[in-house]
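A.B. asks:
Number of protein chains: 2
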Amino acid sequence: MRTVLECIPCFLRQTLGAVRLAGGDAECQERVMRAVLREAADFDRTLSPPAMGQRIHRLIRAELGGRDPYAEIKRQHNEFALNLYPELRERVLAAENSLEAAVRLAIAGNAIDMGVNSHVDVDQVAKIVEQALAVPLSGDVAEFAAAIDQARDILFLADNAGEIVFDRLLLEQLPLEKVTVAVRGRPVINDATRTDADEVGITALVPVIDNGADVPGTILGECDPAFRRRFDESDLIIAKGQGNYETLNDVPKNIYFVFMAKCQVVARHLNCDVGSMILRRAVGVAEQTATR
Amino acid sequence: MRTVLECIPCFLRQTLGAVRLAGGDAECQERVMRAVLREAADFDRTLSPPAMGQRIHRLIRAELGGRDPYAEIKRQHNEFALNLYPELRERVLAAENSLEAAVRLAIAGNAIDMGVNSHVDVDQVAKIVEQALAVPLSGDVAEFAAAIDQARDILFLADNAGEIVFDRLLLEQLPLEKVTVAVRGRPVINDATRTDADEVGITALVPVIDNGADVPGTILGECDPAFRRRFDESDLIIAKGQGNYETLNDVPKNIYFVFMAKCQVVARHLNCDVGSMILRRAVGVAEQTATR
Chain P
1 MRTVLECIPC FLRQTLGAVR LAGGDAECQE RVMRAVLREA ADFDRTLSPP AMGQRIHRLI
61 RAELGGRDPY AEIKRQHNEF ALNLYPELRE RVLAAENSLE AAVRLAIAGN AIDMGVNSHV
121 DVDQVAKIVE QALAVPLSGD VAEFAAAIDQ ARDILFLADN AGEIVFDRLL LEQLPLEKVT
181 VAVRGRPVIN DATRTDADEV GITALVPVID NGADVPGTIL GECDPAFRRR FDESDLIIAK
241 GQGNYETLND VPKNIYFVFM AKCQVVARHL NCDVGSMILR RAVGVAEQTA TR
Chain E
1001 MRTVLECIPC FLRQTLGAVR LAGGDAECQE RVMRAVLREA ADFDRTLSPP AMGQRIHRLI
1061 RAELGGRDPY AEIKRQHNEF ALNLYPELRE RVLAAENSLE AAVRLAIAGN AIDMGVNSHV
1121 DVDQVAKIVE QALAVPLSGD VAEFAAAIDQ ARDILFLADN AGEIVFDRLL LEQLPLEKVT
1181 VAVRGRPVIN DATRTDADEV GITALVPVID NGADVPGTIL GECDPAFRRR FDESDLIIAK
1241 GQGNYETLND VPKNIYFVFM AKCQVVARHL NCDVGSMILR RAVGVAEQTA TR
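Okay, here's the thing in structure tokens:
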């Protein structure tokens, strides 16, 4: 997905929020904002929005001497979500359609996006969970279930810390012997890395690889060869979060995206409302199928 | 008022909205956005936000070959507001405190900001008018009335087209023999120029001067010498709109600002909520008075 002009004010807004959350002082905030303005002035809009996210967060980490400002927040969010896990797992198991319930809760985890909200409120999360179980889901769960059945080799692309606990609920509905989970290679925002997969018990469940990159999404050209090989070999990819949608939607692979449409630009791209819960197969594949 | 970092995403959002409203095509939109990003990267933040507005709208007009993209919109908004004028005038005359009613309606005119909304809805405007007459006004109308009484020479700084009709209601409550109205010197956004003062009948009521500048506010250094002299000589200045507040708040003159606080940054500066109706004397003067 290309970057559109509406993304630019949003990049600047996110930059300021991120550098403040990271504890950057007034001078640091100013230097980062001016650097991002310069990057954005020359930004190649054929690239996806997460390519800009990568540059922004590299600038912020460089200003902070390479330190990951989100490390402690991510740990807290994993812990917070792990406390919810037993009850949420009961909900999935008790559901009439456990796969659908797990997809819905995985999207709830995406909706919460605890990295954006530095403070997470228990009541607010409970509300998001109930909504996610009740509101319409834009997607075909039966088709998704069939794709899982038919798959030989499933690669699950995780999104954020905290959210990754909700992803575990979905993973547990998959044939685990066929599944590998991929996380980001290096810290970027609150995106899950190997540390997070370890903390929430996913490493004990399935093989976990990392993609070698520091992009809040999956730009294949930025990922290391081992990840790219694994990506190519998989016959089903489940991609969590809007960043993975923005970076992989045009890739001609059998990808199912599972996320909440969080901004107007993505909602327009999907022809849905902001806040819609999405389970969607990559357009590249759908078109290939249609023209067969 | 200095520009704060929060203003930057807003500049970009406004740029995109303005260039689209002006009918700029996709390439024009992109060129303007990139040019504004470069300007913003080096922008002197000791300047007020309208200084950036001036640069943005110069870039847009230059892209459009110098044509004023708002000319027709301004004409429509004046006409729209003139249709409301007789009824609003009755409301002012029938009010227990006509000056207060006129201040409130002048703020309603500012709240509508018809330049930002390309389409103006009659029902929506009626609602804004009723609210403006009912909700709390942050300011001391009796003190304002006394300042008007005591003044020898009043300079009224108008804001936008359309809104200038609402300003006329306030002007009619002033001792007209002491009043001069000032408009912008050249087109910028939907700000009122001499043409608008003519169209809405203000030129027939009081002397109208222009400030020689194309700033959506009043940056004295950008105004021509004749205006600056007139500004210096006045012992009471009534400044309409947020742009005039942002540019004149620190000026040590007897200025009353009349406007709605439309953004978080200005609301924080005023220690009020967004949407508050403001009648406020310049801080510079208040401080001078306090330390006497």
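Residue numbers (my numbering), protein chains in the order written: chain P, 1 to 292; chain E, 1001 to 1292.
Note that the Cβ used here is the ideal one computed from N, Cα and C, for glycine as well.
1) Thinking C-beta only, is K262/P closer than 9 angstroms to N190/P?
2) Based on Cα-Cα distance, which residue from D1210/E, E1199/E and R1031/E lies nearest to V1165/E?
3) If you run the structure through DSSP and keep just helix, strand and coil, what is D250/P?
4) Return yes when the Cβ of I1060/E is within less than 9 angstroms of the Cβ of F1011/E, no when it is not.
5) Hey, how far is the Cα of R229/P from the Cα of P1050/E?
6) Using a Cβ cut-off of 9 angstroms, pull out every chain E residue sitting near P9/P, in sequence order please.
7) Is any beta-carbon of chain E found at less than 9 angstroms from that of M33/P?
8) Near A1106/E, which residues of its chain fall below 7 angstroms by C-beta distance, leaving aside the five closest residues on each side in sequence?
9) Run down chain P in chain order and give the residues with a C-beta less than 8 angstroms from the C-beta of E1030/E.
10) Smallest Cα separation from A35/P: which of E163/P, M52/P and Y245/P?
11) List, in chain order, every chain E residue whose beta-carbon is nearer than 7 angstroms to that of R38/P.
12) Can V4/P and V265/P be called in contact, C-beta distance under 9 angstroms?
13) Taking only the alpha-carbon atoms, compute the straight-line gap between G1066/E and I1278/E and give it to the nearest angstrom.
14) Rounded to whole angstroms, how far is the Cβ of A1182/E from the Cβ of A1158/E, which I believe are closer than 8 angstroms?
15) Excluding sequence positions up to five away, which residues of its chain have a Cβ less than 7 angstroms from the Cβ of G139/P?
16) For the candidate residues D1196/E, E1063/E and E1143/E, whose alpha-carbon lies nearest to that of L1236/E?
17) Between I112/P, A145/P, D149/P and Q150/P, which has its C-alpha nearest A132/P's C-alpha?
18) Since I believe T193/P is in contact with R186/P (beta carbons under 8 angstroms), could you give me their beta-carbon distance rounded to a whole number of angstroms?
19) Suppose you measure from the CA of A1213/E to the CA of V135/P; what does that come to, to the nearest Å?
20) Between I219/P and S98/P, which are expected to be in contact by the criterion C-beta below 8 angstroms, what is the C-beta distance as a whole number of angstroms?
21) Going by the beta-carbon positions, is the gap between N110/P and Q14/P smaller than 9 angstroms?
22) For a test of the three-state rule: what should DSSP assign to M52/P, helix, strand or coil?
23) Excluding the 5 residues preceding and the 5 following H1269/E in the sequence, name in chain order all residues of the same chain whose CB lies nearer than 7 angstroms to its CB.
24) If you run the structure through DSSP and keep just helix, strand and coil, what is V1215/E?
25) Report the residue ranges of all beta strand (DSSP E) runs contained in full by the region 1163-1203 of chain E; include only those spanning at least 3 residues, in chain order.
26) Bridge partners of M260/P, per DSSP?
27) Under the three-state reduction of DSSP, which class applies to L1093/E: helix, strand or coil?
28) Determine the direct distance from the alpha carbon of Y245/P to that of E163/P, and round the result to whole angstroms.
29) Considering only the beta carbon of each residue, do K178/P and A145/P sit closer than 9 angstroms?
30) Is it buried or exposed for A1161/E, if we count other Cβ within 10 angstroms and need 16 for buried?
31) Any idea if D210/P is buried or exposed, counting beta-carbon neighbours within 10 angstroms, 16 or more meaning buried?
32) Measure the alpha-carbon distance for A81/P versus A71/P and round it to whole angstroms.
33) With burial defined as no fewer than 16 other Cβ atoms inside 10 Å of the residue's Cβ, what is the status of L176/P: buried or exposed?
34) Quick check on the burial criterion: 16 or more other C-beta atoms within 10 angstroms. Buried or exposed for G23/P?
35) On a CA-only basis, which of K1253/E, L1037/E, F1231/E and Q1124/E is nearest I8/P? Give me that one, please.
C.D. replies: By the coordinates alone:
1) no
2) E1199/E
3) coil
4) no
5) 53 angstroms
6) I1008, P1009, C1010, F1011, L1012, R1013, Q1014, T1015 and L1016
7) yes
8) F1166, D1167, L1169, L1170, K1240 and V1258
9) L5 and R45
10) M52/P
11) A1041
12) yes
13) 35 angstroms
14) 7 angstroms
15) I278, L279 and R280
16) E1143/E
17) I112/P
18) 7 angstroms
19) 54 angstroms
20) Incorrect: roughly 33 angstroms between the Cβ atoms, too far for contact.
21) no
22) helix
23) M1001
24) coil
25) 1179-1183
26) M277/P
27) helix
28) 16 angstroms
29) no
30) buried
31) buried
32) 16 angstroms
33) exposed
34) exposed
35) L1037/E
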